[in-house]
Amino acid sequence: MFAQICLIKSNIKKQKVDVIVFLTLVLISTMLMSVSIAMLFNMSKVVESHFEEINGADITISINKNAKAVTQKIIEKDNRIKAYDVSRRLLINAKHKAKSSSTWRDFTFTVQSYNEKRNINKTYKYPNKYKDNEILIPYYLHSDYKVGSILQLKFYGVKYDLKVVGYVQDPMYATPLNVTLYTIYASDKMMDEFSKIKDVISQVKFNATLYPQYYNDKVEDDIVDKVTKETGGVVDSQKLVTEAIGWYSGMKGGCMFMPNMALGILLVFSIMIFVISTLVISFAIRNFIEKNMRDFGLLMASGYKISTLRGVVVYEIGLVTLFGTIIGSTIGKVVYKRAGKLVENVLGLEWNQGLNFINMFIVSLFIILFSCAVAYISSGKFKKITVLTALRGGINTHNYKKNFFPLTATRLPINLALSLKSIFSSWKKSLAIFLMMAITAIIMQTAYGIYYNFGNNQEKIFEFSGTESGTIGVYGNEALGEKLKKMKYVKAMNAKYENATCYYKNGEKGRVITTSVYKDLSELRYCNLIEGRLSKYPNEIIVAGGLADDLNIKSGDAIEVGLTKAGKKKIFIVTGIYQQINNMGRTVMMNKNAFERLNPVEKKWKEEVFYDIYAEDGKNFQNMKKEVLKIYPEGKNKIDNYEKLASETMDVVRNVLSKISIAISIITAFIVMFVEGLLIHSKVVMEWKNLGLNKALGFSSKKLMAQMVMSNIPIILVGAFIGAIVSKPIACNLLIIGMSSFGMKTVKMEFGIEGVILTISIITICAIISATITSFRIRKANPIDMLVKYGEN
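Sequential numbering from 1 applies to the sequence shown in full-length UniProt numbering.
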């Protein structure tokens with residue numbers, strides 16, 4: 001045993017560069033893998049703990065205040081509902097900013113009272129008595145508004161200074177990516193004041209809990225369906241406006257989607273780094289065996305068995321991996337806390353879960369065992385060695401292989417010819433280098449794709465998510481549409497009537513689904529149609545991919561559609577299937593003429609139209625607002641800054657994805673330098689005597705250094721190019737797998753030729769820099785010393 005320990009110590013000393021590179025890759029992969037896996041496991045625990053702490057509602061239904069009695073009666077008769085609360089709610093389109101800031105931002109707010117006693121969706125941790133101008137805001141806004149700061153709210157010409165005294169962490173409304181509004185809590189007096197202002201919508205909100213067996217029954221849709229049937233969609237001459245949300249039927253998964261996506265990217269990245277580390281150690285072990293062939297021959301002649309030598313290699317790699325996982329886990333513990341703060345910004349909830357040491361132990365154990373397995377397989381080269389061949393210099397003294405690119409006949413530059421000879425004469429090593437560079441290219445190109453498509457391009461996010469968001473939004477009547485279309489600077493415009501709730505049935509399966517009614521679907525810019533065509537005629541609709549999967553709908557199918565589940569149904573043809581993230585990919589869109597066919601009696605839904613207007617390039621909200629007010633002066637309070645609204649919703653996502661992609665690119669660039677440095681170091685050590693001979697024969701240090709630098713460049717270029725080319729389908733397929741619950745079937749990601757060029761350039765430049773630095777030792781070495789000593793000495 002003592003002899004084996006001495007051998008391990010000697011091997012580590014001889015392989016110190018290989019060990020340092022492998023140790024670095026192991027600790028990086030351990031750190032990232034343990035943090036990303038721990039956070040993925042803990043994500044649902046964070047959400048559930050906040051949900052339990054406030055006694056979160058399983059379903060919430062917000063509806064016109066005049067429909068309170070009808071809705072309450074229906075809820076009380078529903079035996080699936082365990083308990084419920086009802087409270088006031090105001091719906092306000094407002095501008096907001098910190099008092100110290102000069103920039104106003106537009107968003108939709110709902111206001112509820114913290115003076116009301118509630119048992120469901122409680123404003124926990126905070127008492128229910130504050131001063132009249134004090135408010136509680138969503139934790140999502142904690143980085144913009146600290147406790148004690150002043151939030152200025154302006155709507156319909158009135159401005160309020162409100163003091164932030166705390167945060168509310170309601171998972172259902174935690175992030176605008178889940179429900180596109182901010183829920184704030186104010187005093188009764190402030191709510192009374194808000195409600196007096198014209199155009200503020202007064203509602204009632206029902207928070208209800210369900211018996212567990214009914215969690216997935218879409219109870220909220222059934223209730224709205226019954227209310228719509230009972231009221232005919234009109235209450236006291238006002239159209240019925242509802243918001244029905246189910247925690248288990250979509251919102252729970254929706255609030256975790258973006259953080260899980262970001263952490264999934266990190267996990268895949270960490271796995272790829274670990275794969276590179278195993279390739280590195282396999283390469284290093286084979287090189288070490290070849291380089292020390294005579295020494296191993298002496299050991300075998302002295303009585304050491306092949307199994308003993310292989311065991312020494314396995315113990316050595318296991319020991320190094322153990323140290324790497326310990327260091328990586330220690331760093332991961334520190335990084336975990338910082339990562340939690342970063343995830344909070346997207347999740348909208350305080351990260352309250354510690355690091356799971358069991359997960360960390362399992363990750364570390366897996367890395368150690370897998371590394372030892374790779375070491376055992378790689379050390380199989382010992383079985384090909386006999387004592388005699390080892391003692392006379394090894395089995396590679398002459399390999400009797402074809403002489404590729406003979407120097408006497410080739411017309412290629414000498415350095416390029418030598419590098420190609422090296423590549424083709426040892427194809428297994430070249431294959432390992434190719435795989436390493438291809439993987440790094442895939443990582444870097446994917447990081448670039450994330451940054452280009454989602455981190456630095458808001459329009460790409462809208463296209464990916466199937467979300468319409470123009471420069472300016474205007475509410476008005478049908479006649480206004482033609483005037484707005486003729487207005488200056490209009491690039492595109494669509495007209496939306498309302499979100500209706502309709503019942504869709506295909507065979508035995510049926511669901512109540514949110515339905516968007518447009519004047520003309522062909523006016524939409526970001527409708528991601530993946531099958532069929534847009535609907536055009538009164539008997540046609542298009543459905544989202546998630547709903548298509550749920551009800552087994554295909555393009556061309558005829559399905560039953562009704563305003564309510566129990567009401568009269570009409571047959572509609574599904575002309576197309578589109579992709580959309582909204583509502584977990586479970587929506588339907590139809591033209592005005594189709595909804596008129598479905599609902600020929602009620603006309604209230606036609607009274608107000610929302611016009612989503614896209615400005616020409618170079619024009620912004622202020623330019624468009626001036627033009628709108630010229631033809632619609634009475635609409636001053638019916639204009640939304642969708643430019644800012646989109647920015648408010650997407651900025652956090654873009655920032656997080658940008659940081660992740662930049663961090664991945666930087667780490668990958670360093671990995672390339674580490675790996676190439678190791679490869680060149682190994683090559684210099686292996687060819688140290690030959691380099692000394694060449695130097696003695698008159699070759700300059702610069703030429704020998706150039707030969708070393710160029711030795712791997714051709715295979716690096718090929719690997720980087722292939723990796724960059726295949727990265728697009730790999731990235732898209734991984735994203736489709738991650739988005740399958742949304743009914744995603746295809747993903748459009750643009751990488752562009754500039755991305756391929758940038759990836760190959762960065763990898764090649766990093767490799768050249770690393771190879772040049774590593775080969776500097778050739779310039780300083782004495783030819784006589786080189787002829788009698790190994791490179792590591």
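Glycine included, C-beta positions come from ideal geometry on N, C-alpha and C.
Nearest-angstrom Cα separation, counted from residue j out to residue i
i, j, result
"residue 575", "residue 519", "17 Å"
"residue 769", "residue 710", "11 Å"
"residue 220", "residue 58", "9 Å"
"residue 494", "residue 618", "20 Å"
"residue 268", "residue 779", "41 Å"
"residue 554", "residue 214", "29 Å"
"residue 396", "residue 683", "Note that residue 396 scores a pLDDT of 48, beneath 50, so its modelled location is shaky and nothing firm can be said."
"residue 461", "residue 235", "38 Å"
"residue 123", "residue 243", "21 Å"
"residue 20", "residue 624", "60 Å"
"residue 398", "residue 734", "Per-residue confidence for residue 398 stands at a pLDDT of 47, beneath the threshold of 50, marking its modelled position as unreliable; no derived number is given."
"residue 478", "residue 613", "15 Å"
"residue 291", "residue 686", "6 Å"
"residue 17", "residue 442", "26 Å"
"residue 271", "residue 75", "50 Å"
"residue 101", "residue 586", "39 Å"
"residue 132", "residue 505", "49 Å"
"residue 140", "residue 105", "15 Å"
"residue 317", "residue 771", "25 Å"
"residue 157", "residue 107", "15 Å"
Nearest residue (CA-CA) to residue i, options the options
i, options, result
"residue 7", "155, 309, 134 and 185", "309"
"residue 116", "302, 441, 188 and 32", "188"
"residue 245", "757, 216, 233 and 615", "216"
"residue 197", "182, 155 and 180", "155"
"residue 43", "161, 341, 621 and 153", "341"
"residue 212", "484, 249 and 181", "249"
"residue 655", "379, 456, 622 and 767", "456"
"residue 616", "579, 664 and 488", "488"
Reduced DSSP secondary structure (H/G/I, E/B, other) of residue i
i, result
"residue 640", "strand"
"residue 783", "helix"
"residue 303", "coil"
"residue 792", "With a pLDDT of 47 at residue 792, under the threshold of 50, the modelled position of that residue is not reliable, and no figure is offered here."
"residue 398", "Low confidence applies to residue 398: its pLDDT is 47, below 50, so where it sits in the model is not reliable, and the reading given next is rough at best. Reduced to three states, the DSSP call for residue 398 is coil."
"residue 354", "coil"
"residue 699", "coil"
"residue 138", "strand"
"residue 497", "strand"
"residue 614", "strand"
"residue 710", "helix"
"residue 515", "strand"
"residue 489", "coil"
"residue 775", "coil"
"residue 767", "helix"
"residue 590", "strand"
"residue 510", "strand"
"residue 313", "helix"
"residue 503", "strand"
In DSSP terms, what residue i is bridged to
i, result
"residue 93", "108"
"residue 60", "207 and 245"
"residue 84", "208"
"residue 162", "151"
"residue 572", "559"
"residue 577", "531 and 543"
"residue 113", "186"
Closer than 7 Å: residue i CB and nearest the ligand GTP heavy atom
i, result
"residue 772", "What this structure holds is no ligand at all, so the ligand GTP is not there to describe."
Handout entry: Segment contact, 8 Å Cβ cut-off, at least three pairs: the region 431-448 with the region 714-727
Key = yes
Practice task
Report yes or no: do the region 684-694 and the region 296-308 share at least 3 C-beta pairs separated by less than 8 Å?
Solution key: The region 296-308 and the region 684-694 do not touch, with fewer than three beta-carbon pairs separated by less than 8 Å.
Practice task
State whether the region 223-231 contacts the region 30-41, with contact taken as three or more CB pairs (one from each stretch) at a distance under 8 Å.
Solution key: no
Problem - Contact between the region 251-267 and the region 343-354 (3+ Cβ pairs under 8 Å) - result: The region 251-267 and the region 343-354 touch, with no fewer than 3 CB-CB distances between them shorter than 8 Å.
Exercise for the section: Could you tell me whether the region 311-327 touches the region 374-381, using the rule of 3 or more Cβ pairs below 8 Å? Expected result: Touching, per the Cβ criterion.
Exercise for the section: Evaluate the contact criterion for the region 665-683 versus the region 507-515: three or more CB pairs, one atom per stretch, below 8 Å. Expected result: Short answer: they don't touch.
Handout entry: Cβ contact check for the region 93-101 and the region 279-289: 3 or more pairs under 8 Å
Key = no
Practice task
Could you tell me whether the region 495-503 touches the region 693-705, where touching means 3 or more Cβ pairs closer than 8 Å?
Solution key: no
Problem - the region 745-758 in contact with the region 650-664 per 3-pair CB rule at 8 Å - result: no
Practice task
Please determine if the region 49-66 and the region 189-209 are in contact, where contact requires at least 3 C-beta pairs separated by less than 8 Å.
Solution key: yes
Problem - Validate contact between the region 462-471 and the region 523-540 using beta carbons, cut 8 Å, 3 pairs - result: yes
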